[in-house]
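Chains as they are written, first to last, in the working numbering: chain G, 1 to 321; chain S, 1 to 198.
Don't be surprised by glycine CBs; every beta carbon is placed ideally from N, CA and C.
Okay, so here's the structure we're looking at.
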Amino acid sequence: MSTGTTKLDVVVSDVVPVNELVTRFHFRRRDGGLLPTFSGGAHVVVEMRDRDRTRLNPYSLMGSPLDTREYTISVRRDDVGRGGSLFMHRQVKPGLEMVISYPVNLFSLDLRAKKHLMLAGGIGITPFMAQTSQLAAAGGNFELHYTCRTASLGTYADVLQQRYGSRVHLYHDDREERIDLDRLLSSQPLGTHLYVCGPAGMINWVRDRAASLGWPSETVHFEHFAAPQPGAPFDVALALSHKTIRVGEQQSLLEAMEAAGVDPPYLCRGGVCGQCETNVISSDGKFIHNDHWLSEEDHRSGCKIMPCVSRFEGKSLVLER
Amino acid sequence: MAAKTIISRPIYGTLSPQPGKHHLFIADAEGALAIIDMAGKAPPGFFDGAEIDFIPGPEGKHIAALEALKPAQLHLSPSFASLLPRLKQTLTNAHMGLRIYLAGTEGLIGQAMQVALEAGVDHTFMQTEHRGSLARRMQCVHCKGITENVTTQPALCSHCGLLLLVRDHYSRRLAAFQGVCINAEDRSEIPPMEEAFP
Chain G
1 MSTGTTKLDV
11 VVSDVVPVNE
21 LVTRFHFRRR
31 DGGLLPTFSG
41 GAHVVVEMRD
51 RDRTRLNPYS
61 LMGSPLDTRE
71 YTISVRRDDV
81 GRGGSLFMHR
91 QVKPGLEMVI
101 SYPVNLFSLD
111 LRAKKHLMLA
121 GGIGITPFMA
131 QTSQLAAAGG
141 NFELHYTCRT
151 ASLGTYADVL
161 QQRYGSRVHL
171 YHDDREERID
181 LDRLLSSQPL
191 GTHLYVCGPA
201 GMINWVRDRA
211 ASLGWPSETV
221 HFEHFAAPQP
231 GAPFDVALAL
241 SHKTIRVGEQ
251 QSLLEAMEAA
261 GVDPPYLCRG
271 GVCGQCETNV
281 ISSDGKFIHN
291 DHWLSEEDHR
301 SGCKIMPCVS
311 RFEGKSLVLE
321 R
Chain S
1 MAAKTIISRP
11 IYGTLSPQPG
21 KHHLFIADAE
31 GALAIIDMAG
41 KAPPGFFDGA
51 EIDFIPGPEG
61 KHIAALEALK
71 PAQLHLSPSF
81 ASLLPRLKQT
91 LTNAHMGLRI
101 YLAGTEGLIG
111 QAMQVALEAG
121 VDHTFMQTEH
131 RGSLARRMQC
141 VHCKGITENV
151 TTQPALCSHC
161 GLLLLVRDHY
171 SRRLAAFQGV
181 CINAEDRSEI
191 PPMEEAFP
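Written as structure tokens, this is what we have:
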């Protein structure tokens, strides 16, 4: 059961390669109507039906929230991932009918802010595409700092610079350009909110520096969809549904439960939203927590697990599902 | 410590040193003691980046104790009104990372918070500690006039003269408790006036 994720029947209206790793996909409603309204930072969960297997991956909407004739997402190809991005790159062509969820926003702008400071790393640029469109249309005050590996992998850097000029600052790893984070964070006017989307290491670094420099945690917003990591297969007993299931190497615990006909609630499937939080009844072994939802204390306690991204190694695991 | 009665009634905590390099303290009268108590828990060098704006009040105590903390700046003002231009200027020029600490009477905490809110600082980001008088700043909901230092229940509106029940209903935007006419049906009915907020 996907809490709040009513489905949308869409058709792929365009597929546009952006650079050697990133491709953009456009979706329109099959009935030709307008899509639901969304706000900058929202994502949709895309259902990928790949023969006998269905993958459900979240992607940030990157189009302008002012235009709901179509939704656009950008997918970075991950050659060693679990295959979702490869499916999108190889199998999805214009005209294909697909199913996506209603948009959900777990990374929304705090519009009380006097200024919005945005930090993007790599493909983490996508939610900011929508947020900057939203803010620019309303005369909002924002500044975007975007780190990418090389100029050719700086997805949409050209578009953003053309749209927003000096409000966009680029940093290229191959040119040894580094963001002077402490200086940036120390020179923001009172009332600024900070948004960061990118690799986990970048998010942790920015959150850590912001906290040390006195930014209240409520002013620091971040989003990182952790793709479920593959790992050794493990067995899980589901106490409420009286089932014992095996989680495959390339499968997430959530996917294994769904395959067994157990439907925990979910929204993001990326360890962010907290919907699929599950109580542990008993365990003998080691948890591999990969989420951003539970506190460190929860992780240590061994009493909770986020089945969308986290795994287990050991003798036995019994969950309250 | 004020008990929580209705949801808007502010509750105050105990000042504690926050991470960061820049700290702004605004205090009146016995609020100085909250800063001095907190100083015992502060890391070395904490006050090197601190400004204390202090309104000593008629008794004029605690100034030497605040000086002894060696803050980067200690500024004394005779009243909140006289502090206001400086406070606004400080917040206009301030950067993210400035931590705000408010200590003393409810009127001082509320009015300083009101200025900080306008500068974009959410009320949840500020440290507060109530010390000293329980006197309230009250808005008459009928004429909208503000009466300072209300200590009685009911209280007279200093603008329109109505006799008002001082409610726990608080407005952060106005930095005032709401006062509502207590004898609207029969103005000859005068309930006894008691010292409720000493």
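*Listing by chain order, which chain S residues have their CB less than 7 Å from the CB of G/W205?*
Within chain S, no residue comes near G/W205; the closest Cβ sits about 16 Å away, beyond 7 Å.
*asked:* Check whether chain G comes within 8 Å of S/M38, counting only Cβ atoms and requiring the distance to be less than that.
replied: no
*Please name the residue, chosen from S/H22, S/E30 and S/T151, that lies closest to S/P71 on a Cα-to-Cα basis.*
S/H22
*asked:* To be precise: take each residue of the stretch 211 to 222 of chain G, compare its Cβ to all Cβ atoms of chain S, and keep it if any distance is under 8 Å. Which residues remain?
replied: A211, S212, L213, G214, W215, P216, E218 and T219
_C-alpha distance - G/S316 paired with G/G83, whole-angstrom precision_ = 29 Å
*Inter-stretch contact at 8 Å, needing at least 3 Cβ pairs: the stretch 158 to 170 of chain G / the stretch 187 to 198 of chain G*: no
*What does G/L238 pair with, by DSSP beta-bridge criteria?*
G/K243 and G/L319
*Enumerate in chain order the residues of its own chain whose CB-to-CB distance from S/E30 is below 7 Å, with the five nearest sequence positions on each side excluded.*
G104, R131 and G132
_Status (buried if at least 16 other CB within 10 Å, exposed otherwise) for S/L134_ = exposed
_Rounded separation between G/G154 and G/T147 - CA only_ = 8 Å
*Since S/Q139 sits in a beta bridge, which residues does DSSP pair it with?*
S/I146 and S/Q178
*Partners in chain G for S/R99, counting only beta-carbon separations shorter than 9 Å*: G214 and P216
*Grouping DSSP H, G and I as helix and E and B as strand, with all else coil, what is G/T3?*
In this prediction, G/T3 scores a pLDDT of 49, lower than 50, which makes its location untrustworthy; no coordinate-derived value is stated.
*Pull up the distance between the alpha-carbon of G/T3 and that of G/E255, whole angstroms please.*
With a pLDDT of 49 at G/T3, under the threshold of 50, the predicted position of this residue should be treated as unreliable, though the coordinate-derived value follows. About 15 Å.
*Just the Cα atoms here: how many angstroms apart are G/N105 and G/L267?*
10 Å
*If you run the structure through DSSP and keep just helix, strand and coil, what is G/G274?*
coil
*Could you give the residue range of the alpha helix (DSSP H) that holds S/M38?*
G31 to A39
*Return the residues of the stretch 4 to 24 of chain S that lie within a Cβ-Cβ distance of less than 8 Å from chain G, sorted by chain order.*
Q18, P19, G20, K21 and H22
_Helix, strand or coil at G/S64 [DSSP, three-state]_ = coil
_With H, G and I counted as helix, E and B as strand and the rest as coil, what does DSSP make of G/T219?_
helix
_Which residues of the stretch 121 to 132 of chain S have a Cβ closer than 7 Å to any Cβ of chain G? Give them in chain order._
V121, D122, T124 and F125
_Report the start-end ranges of each beta strand (DSSP E) in the stretch 47 to 84 of chain S that is 3 residues or longer and not cut off at the edges._
50 to 55 and 73 to 76
*For G/A157 versus G/G41, is the C-beta distance shorter than 8 Å?*
no
*Kindly indicate which residue of S/S77, S/H123, S/V180 and S/A112 has the alpha-carbon position closest to the one of S/K88.*
S/A112
_Same chain only: Cβ atoms within 7 Å of G/G274, ignoring 5 sequence neighbours per side_ = W293
*Is it right to say G/P264 is buried, meaning 16 or more other beta carbons lie within 10 angstroms of its own, or is it exposed?*
buried
*asked:* Give me the chain G residues within the contact set of S/A42, using Cβ-Cβ distance strictly less than 9 Å, ordered along the chain.
replied: The premise fails here: S/A42 is roughly 14 Å from chain G at the closest Cβ pair, so nothing lies under 9 Å.
_Could you give the first and the last residue of the continuous beta strand (DSSP E) run that contains G/H193?_
T192 to C197
*Report the three-state DSSP secondary structure of S/N183 (helix, strand or coil).*
coil
*asked:* Between G/T68, G/S64 and G/S60, which has its C-alpha nearest G/R76's C-alpha?
replied: G/S60
*Around the C-beta of G/M1, are 16 or more other C-beta atoms found within 10 angstroms, so that it is buried, or is it exposed?*
Caution is warranted here: a pLDDT of 46 is assigned to G/M1, below 50, making its placement in the model unreliable, and the coordinate value is therefore given only provisionally. Under this definition G/M1 is an exposed residue.
*Pairwise C-alpha distance: G/A137 and G/R69*: 17 Å
*Three-state secondary structure (DSSP) of G/A326*: The structure shown does not extend to residue 326 of chain G, since chain G spans only 1 to 321, so no value can be given for it.
*Who are the neighbours of G/L190 on chain S, taking C-beta pairs under 7 Å?*
L91, A94, H95, M96, L98, A119, G120 and V121
*Determine the chain S residues that contact G/K114 at a beta-carbon separation under 7 Å, and present them in chain order.*
G120
*Partner residues on chain S for G/S186, Cβ-Cβ distance less than 7 Å*: H95 and G97
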